[in-house]
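For the sequence shown, numbering that gives the first Met the number 0 assigns the number 0 to the initial residue and increments by one for each residue that follows.
Built from N, CA and C at the ideal position, the CB exists for glycine as well.
It should be emphasised that the depicted structure is a prediction, and the values quoted were computed from it without experimental measurement.
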Amino acid sequence: MIKRIEILFITIIITGVLFISGCGRVAVPEYSSSDVMLEAFDEYCMTYNISNAEVRLVDGTGETLWDACYGESEGDSLFAVASITKMFTAAVIFNLDKESLLSLDDCIDSYLPDGIVDGIAVIDGIDYSHEITVRELLSHTSGIADYFSENSDEYISIRSESYYKNDVLYDFDLALDMTRQLEAHFEPGEDDQAYYSDFNYQLLGKIIETVTGQSLEYNYDKYIISPAGLDDTFLFEPGMDWGDILPIDMPCGTTTRPLMESGERSAGGLISTVDDLSRFIQSYMNGELFDISYFEEIYDFASLGAGRPDYGLGLMRYDDNYELYGHTGSFGSELFYCPDLDIYIICSANNCSNAKNMNLIKYLLDCYAR
């Protein structure tokens, strides 16, 4: 059952008045959208055997409209945000571009140690790796294959191993080697094609550390965590204990993934809370974490393929019933802004099922919009 619920002022009362000639009026029974939303959330968690979850809706002023928790989840519960980390990484890159420590349109081998780029984007024996720009990493238009989801002759993908079998210990060097075993999907920047690859953001993390001479954790704190006032957000490092971080409902069972999490780093290695992500998405969308002029470039979207969101510079866009801007995380986290309703949506389901979670979110928005 739901452990805690806060509903501040989202309750929408739909009342109707039926005028019958000469006989006064009859009031239609009140309808509360919050009740329907709560029922849907509760049923969703039970149907899909979700252990811990929270969904929060926040309006454009920062006021919480609706907040439902399930299992052990609370607003300050720690969880692995997975690829929502990419929004943090992109925001750091925008700051470094503004400070002239890098340029989005420079080739990435300008900012990486010799040899790293070799062989990461090969098609039919031709190596296009040295043509890749920082912008193409941000937008997933580099063509680089995805070690996280693709199998090669030598390696099983990180997803296949970790989701269905055991925790996986890997680092940047192993991810690099796995990527080199895979053929690229297209030439960098070709025909505005996009292909989602975690290695794009692993490389961005290396670029951040190289051009600043500081650790990735230092840069997250300098440009994002401290300015946004995030109290419980940190990079999961090798050797850390899972501790109070919520477990994940994976195909192999409810478990933890400290080894895999420590390997994801700039592609998906952050730990946070619903409270912190609420502050982060508001600061991000209000242009408080980087120069607001970058939004024109962020919103240059390319399609990731049928049934998938569009991708800009570190930002996803869903455009079904509502336009949603933000990011998903593969462990079942969703973070979006809906400009149609001026609402932020923060979801921590810890269930490795973004598609199902997005359907729930869209239903909750439908209820709110009634």
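Secondary structure at Tyr194: coil, using DSSP grouped into helix, strand and coil. In terms of Cα proximity to Ile49, the closest of Glu333, Thr255, Ile247 and Ser261 is Ile247. Nearest Cα to Ile345 within the set Thr255, Ile155, Leu56 and Ser82: Leu56.
Put simply, the backbone Cα of Asn285 is about 27 Å away from that of Ala52.
Thr232: not part of any alpha helix (DSSP H); DSSP gives it neither H nor E. Cα atoms of Leu136 and Asp34: separation of roughly 43 Å, rounded to the nearest angstrom. For the segment 85-169, the full-length alpha helix (DSSP H) segments reaching 4 residues or more read 133-137 and 157-163 along the chain. For Ile360, the enclosing alpha helix (DSSP H) stretches over residues Asn353 to Ala368.
Counting C-beta atoms within 10 angstroms of its own C-beta, Cys68 has 16 or more neighbours from the protein chains shown and is therefore classed as buried.
Assigned with DSSP and collapsed to three states, Ile244 falls in coil, not helix or strand. Ala79 is bridged by DSSP to Ile270. Annotation: Arg307 is outside any alpha helix (DSSP H) and is labelled neither H nor E by DSSP.
The segment 268-288 makes no contact with the segment 156-172, as fewer than three CB pairs between them are under 8 Å. Beta-bridge analysis with DSSP links Ala301 to Tyr310. With contact defined as three or more Cβ pairs closer than 8 Å, the segment 194-207 and the segment 140-149 are in contact. If you draw a straight line from the Cα of Ile297 to the Cα of Tyr222, it comes to about 17 Å.
When only Cα atoms are considered, Asp126 and Tyr310 end up about 25 Å apart. Separation of Tyr317 and Leu245 (C-alpha to C-alpha, rounded to the nearest whole angstrom) is 27 Å. Residue range Ser332 to Cys337 is occupied by the beta strand (DSSP E) that includes Phe335.
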